[in-house]
Amino acid sequence: MKKKITLVEVGLRDGLQNESKILTVEQKVELGKRLLGSGIRRMETGAFVRADRIPQMQGSDDVFRKLYNPKQKSLLSVLVPNEVGMIKAIEAGVKEVAVFAGCSESFSQKNINCSIEESFLRFEKVFVLAKKNKIKVRGYLSVCFGCPFEGAVSEARVVKLASKLYEMGAYEISIGDTIGVAHAGQVNSLMTKLKKVIPVEKLAGHFHDTRGQALANILEAYNLGITVFDSSIGGLGGCPYAPAATGNVATEDVLYMFQNKGVSVGVDLNKILSIHSWLSEQMQKQLPSKLGQVGLLKLK
Ligand code: MG
Numbered sequence: 025m026k027k028k029i030t031l032v033e034v035g036l037r038d039g040l041q042n043e044s045k046i047l048t049v050e051q052k053v054e055l056g057k058r059l060l061g062s063g064i065r066r067m068e069t070g071a072f073v074r075a076d077r078i079p080q081m082q083g084s085d086d087v088f089r090k091l092y093n094p095k096q097k098s099l100l101s102v103l104v105p106n107e108v109g110m111i112k113a114i115e116a117g118v119k120e121v122a123v124f125a126g127c128s129e130s131f132s133q134k135n136i137n138c139s140i141e142e143s144f145l146r147f148e149k150v151f152v153l154a155k156k157n158k159i160k161v162r163g164y165l166s167v168c169f170g171c172p173f174e175g176a177v178s179e180a181r182v183v184k185l186a187s188k189l190y191e192m193g194a195y196e197i198s199i200g201d202t203i204g205v206a207h208a209g210q211v212n213s214l215m216t217k218l219k220k221v222i223p224v225e226k227l228a229g230h231f232h233d234t235r236g237q238a239l240a241n242i243l244e245a246y247n248l249g250i251t252v253f254d255s256s257i258g259g260l261g262g263c264p265y266a267p268a269a270t271g272n273v274a275t276e277d278v279l280y281m282f283q284n285k286g287v288s289v290g291v292d293l294n295k296i297l298s299i300h301s302w303l304s305e306q307m308q309k310q311l312p313s314k315l316g317q318v319g320l321l322k323l324k
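Mind the numbering: the sequence shown is residues 25 to 324 in this note's numbering, read in order.
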């Protein structure tokens with residue numbers, strides 16, 4: 025039997041955070057409700073960061089509170105950069121948070137203003153609070169396949185940092201191709217090494233479609249046993265520090281591939297496509313998703 029996959033919808037956080045158009049709390053809540061209505065069961069709803077630095081994430085606590093339903097199985101999470109963000113998350117009743125580290129020194133400095141080592145020191149405090157409050161922590165590693173400032177990133181370093189996050193208590197590590205440079209051969213090589221030190225079910229893939237390789241990379245990872253993938257409705261978002269890095273892989277594009285392959289995802293593609301149309305109006309622009317732009321072929 026083909027292994028089913030889980031999509032982690034990151035449009036509300038990773039997507040919107042990297043868009044210049046700022047949605048209101050009401051619009052974000054509506055987007056979240058529509059996504060949950062399509063069958064999405066894991067979703068990042070925002071980031072507990074300073075609103076003066078990242079205005080797109082303003083009101084993330086309200087968005088979370090309005091979407092969270094303890095009776096539903098949906099696992100909503102928020103990104104927390106440090107202890108301060110974690111305290112806000114606890115106050116809001118969050119049950120899962122995500123922490124974020126870069127795999128190159130330059131990217132870490134430009135993105136979160138500290139060295140890789142310092143970023144892990146910040147996480148230690150987050151993990152302590154998480155344990156105390158029974159909150160799950162997901163770890164993101166960015167620029168795992170290449171850095172916009174340093175170029176190649178060593179696989180050994182990625183494996184070391186991923187293992188470190190896992191040992192610290194992250195229940196899942198999302199391996200990010202933040203600037204969309206990865207190709208399938210590289211995915212095969214890195215994921216194979218990661219699987220040797222971290223159980224495959226604890227690994228997730230976060231791919232960008234910048235060079236049109238996201239689906240090939242996802243399929244490569246799936247064939248290696250990875251079944252959790254991050255995707256963003258409409259292909260919202262990119263990375264402000266990665267030159268020309270547009271494009272989280274679009275939820276609808278990933279869904280189309282797996283659904284037609286007979287792999288269960290548990291998400292309604294037609295509903296996702298109608299969210300794409302609605303969201304294009306809210307964002308006042310054409311969203312980059314390929315399928316969202318052309319729609320499904322109606323067979324007679
Ligand atoms: Mg991304």
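C-beta: ideal position from N, C-alpha, C; glycine also.
- DSSP lists Asn-272 as the beta-bridge partner residues of His-232.
- Three or more Cβ pairs drawn from the segment 90 to 105 and the segment 67 to 78 lie within less than 8 Å of each other, which places the two stretches in contact.
- Per DSSP, reduced to three states, the secondary structure at Ile-29 is coil, with no helix or strand assignment.
- Ala-176 counts as exposed, since fewer than 16 other C-beta atoms from the protein chains shown sit within 10 angstroms of its C-beta.
- With the criterion CB distance below 5 Å from any heavy atom of the ligand MG, the matching residues run Asp-38 and Asn-272 along the chain.
- The secondary-structure analysis by DSSP pairs Met-67 across a beta bridge with Glu-33 and Leu-100.
- Rounded to whole angstroms, the gap between the alpha carbons of Val-205 and Glu-244 is 15 Å.
- Per DSSP, the beta bridge partners of Arg-162 are Ala-122 and Glu-196.
- At a Cβ-Cβ threshold of 8 Å, Tyr-195 and Lys-160 count as neighbours.
- Leu-40 sits in a helix when the DSSP states are folded into three classes.
- Straight through space, the alpha carbons of Val-102 and Phe-72 are spaced by roughly 7 Å.
- Selection Gly-249, Thr-30 and Lys-155 evaluated against Met-110 yields Lys-155 as nearest (Cα-Cα).
- Around the C-beta of Gln-80, 16 or more other C-beta atoms lie within 10 Å, and the residue is accordingly described as buried.
- If you ignore the 5 residues before and after Arg-162, its C-beta comes within less than 7 Å of the C-beta of Ser-101, Glu-120, Ala-122, Ala-194, Tyr-195, Glu-196 and Ser-198, all in its own chain and listed in chain order.
- Secondary structure of Asp-254 (DSSP, three-state): strand.
- The residue among Val-252, Gln-82 and Asn-93 with its C-alpha nearest the C-alpha of Lys-112 is Gln-82.
- For Lys-57, the uninterrupted alpha helix (DSSP H) segment begins and ends at 49 to 61.
- Bounds of the alpha helix (DSSP H) holding Asp-85 are 84 to 91.
- DSSP places Leu-320 outside both helix and strand once states are collapsed to three, so it counts as coil.
- Residue burial annotation: Leu-297 is buried, with at least 16 other C-beta atoms found within 10 angstroms of its C-beta.
- The alpha carbon of Gly-259 has as its nearest neighbour, out of Lys-219, Val-252, His-300 and Lys-295, the alpha carbon of His-300.
- Secondary structure of Gly-249 (DSSP, three-state): coil.
- The continuous alpha helix (DSSP H) containing Gly-209 extends over residues 208 to 221.
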